[in-house]
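Asker:
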Amino acid sequence: MGQQVTLTGRSEQPLTAKPQALKRCLTNLVANATKFGARADILLEDGPVVAVRVRDTGPGIPAEELERVFEPFYRLESSRNRDSGGTGLGLSIARDIAQAHGGSLTLRNLPGGGLEAVLLLPRRR
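Right, dumping it as structure tokens:
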């Protein structure tokens, strides 16, 4: 992606998943982190539920908008310029993929600034 991305943690065993769909989900999250937060720090936690946390150092999202950004075509940046805001589908697609795997995707603002996307994927459905 030509951006600063770090990965911490590892998985002890493979996760049963649809690889292309999961790749799309993670690509959307990392692309958002690097686009709006200048970098992506990925933390992987293995267990009965695999947790993938994608953190950035950007301005975050107003608390009242944290759920709304998952709505298709909803964008915080209101211009029609795709270079500054995209189409408003990335997070909606990412959440749909997480839910299709029996998991979840949430967003939260970090106390010191930045945003964290938390993808939880159960090993068994």
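Using this note's numbering, you'd call the opening residue of the sequence shown number 5 and step up by one each time. Backbone N, C-alpha and C fix where the C-beta goes; we use that ideal spot for every residue, glycine too.
Output needed for Val122: all residues of its chain with C-beta closer than 6 Å, excluding positions within five of it in sequence on either side, in chain order.
Answerer: The residues are Arg57 and Thr110.
Asker: Quick check on Pro178: does DSSP put it in helix, strand or coil?
Answerer: Since the displayed the chain opens at 5 and closes at 129, residue 178 lies outside it and no answer follows.
Asker: Using the C-alpha atoms, what's the distance from Thr20 back to Gly51?
Answerer: 13 Å
Asker: Checking the sheet assignment: what are the DSSP bridge partners for Val9?
Answerer: Answer is Ala44, bridged to Val9.
Asker: Does the beta-carbon distance from Gln7 to Thr31 come in below 7 Å?
Answerer: no
Asker: What do you reckon, are the CB atoms on Phe77 and Gly94 nearer than 7 Å?
Answerer: no
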